[in-house]
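Note sheet for the following structure.
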Amino acid sequence: MLNCGLDKKEKIFNKCKGLVDAVGKSKCDGSSADNWNLAWVCLQLQGSKSTEMRGKELR
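In terms of our numbering, the sequence shown opens at residue 13 and continues consecutively.
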(Lines of atoms letter the chains of each structure in order from A and count residues from 1; the text may use other names and numbers.)
(Lines give C-alpha, C1' and ligand atoms only; values in the text may rest on other atoms or scores of the structure.)
Protein backbone atom coordinates (compact mmCIF):
# COMPACT_ATOMS: atom_id res chain seq x y z
CA MET A 1 0.00 0.00 0.00
CA LEU A 2 1.29 3.44 -0.88
CA ASN A 3 2.01 5.94 1.87
CA CYS A 4 -0.46 8.75 1.25
CA GLY A 5 0.69 10.82 4.19
CA LEU A 6 -1.97 9.47 6.54
CA ASP A 7 0.57 9.49 9.34
CA LYS A 8 0.84 13.26 8.91
CA LYS A 9 -2.89 14.03 8.80
CA GLU A 10 -2.96 15.77 12.21
CA LYS A 11 -0.10 18.08 11.21
CA ILE A 12 -1.73 18.83 7.85
CA PHE A 13 -5.12 19.46 9.48
CA ASN A 14 -3.62 21.88 12.01
CA LYS A 15 -1.76 23.75 9.26
CA CYS A 16 -4.96 24.10 7.21
CA LYS A 17 -6.99 25.09 10.29
CA GLY A 18 -4.46 27.83 11.02
CA LEU A 19 -4.85 29.09 7.46
CA VAL A 20 -8.64 29.10 7.77
CA ASP A 21 -8.43 31.10 11.00
CA ALA A 22 -5.98 33.57 9.46
CA VAL A 23 -8.02 34.11 6.29
CA GLY A 24 -11.39 34.44 8.02
CA LYS A 25 -14.89 34.18 6.56
CA SER A 26 -15.45 34.47 2.83
CA LYS A 27 -16.58 37.86 1.56
CA CYS A 28 -17.50 36.43 -1.88
CA ASP A 29 -15.24 38.95 -3.64
CA GLY A 30 -12.17 36.79 -4.27
CA SER A 31 -10.09 38.43 -1.54
CA SER A 32 -10.25 35.34 0.66
CA ALA A 33 -8.71 33.24 -2.10
CA ASP A 34 -5.91 35.78 -2.43
CA ASN A 35 -5.37 35.76 1.34
CA TRP A 36 -5.43 31.95 1.40
CA ASN A 37 -2.80 31.74 -1.33
CA LEU A 38 -0.61 34.32 0.39
CA ALA A 39 -0.90 32.55 3.74
CA TRP A 40 -0.04 29.20 2.13
CA VAL A 41 3.09 30.64 0.50
CA CYS A 42 4.14 32.24 3.80
CA LEU A 43 3.73 28.93 5.64
CA GLN A 44 5.74 27.10 3.00
CA LEU A 45 8.54 29.67 3.10
CA GLN A 46 8.51 29.80 6.89
CA GLY A 47 9.75 26.23 7.13
CA SER A 48 12.21 26.32 4.26
CA LYS A 49 15.95 26.11 4.83
CA SER A 50 16.67 29.14 2.65
CA THR A 51 14.36 31.30 4.77
CA GLU A 52 16.05 30.09 7.94
CA MET A 53 19.45 30.99 6.51
CA ARG A 54 18.31 34.44 5.36
CA GLY A 55 16.89 35.12 8.81
CA LYS A 56 20.23 34.29 10.42
CA GLU A 57 22.07 36.55 8.00
CA LEU A 58 19.78 39.46 8.83
CA ARG A 59 20.27 39.15 12.58
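C-beta: ideal position from N, C-alpha, C; glycine also.
Kindly indicate which residue of the options has the alpha-carbon position closest to the one of residue i.
i, options, result
"W48", "L57, L31 and Q58", "L31"
"Q56", "S38, G42 and C28", "C28"
Residue i to residue j, Cα distance in whole Å?
i, j, result
"K23", "C54", "17 Å"
"A51", "K21", "19 Å"
"D41", "N26", "26 Å"
Kindly list the residues whose CB is nearer than 6 Å to the CB of residue i, restricted to its own chain and excluding five residues on each side of it in sequence; keep chain order.
i, result
"G36", "none"
Give me, in chain order, the residues of the same chain whose beta-carbon lies closer than 8 Å to that of residue i; leave out the 5 immediate sequence neighbours on both sides.
i, result
"S44", "V35, G36, K37 and S38"
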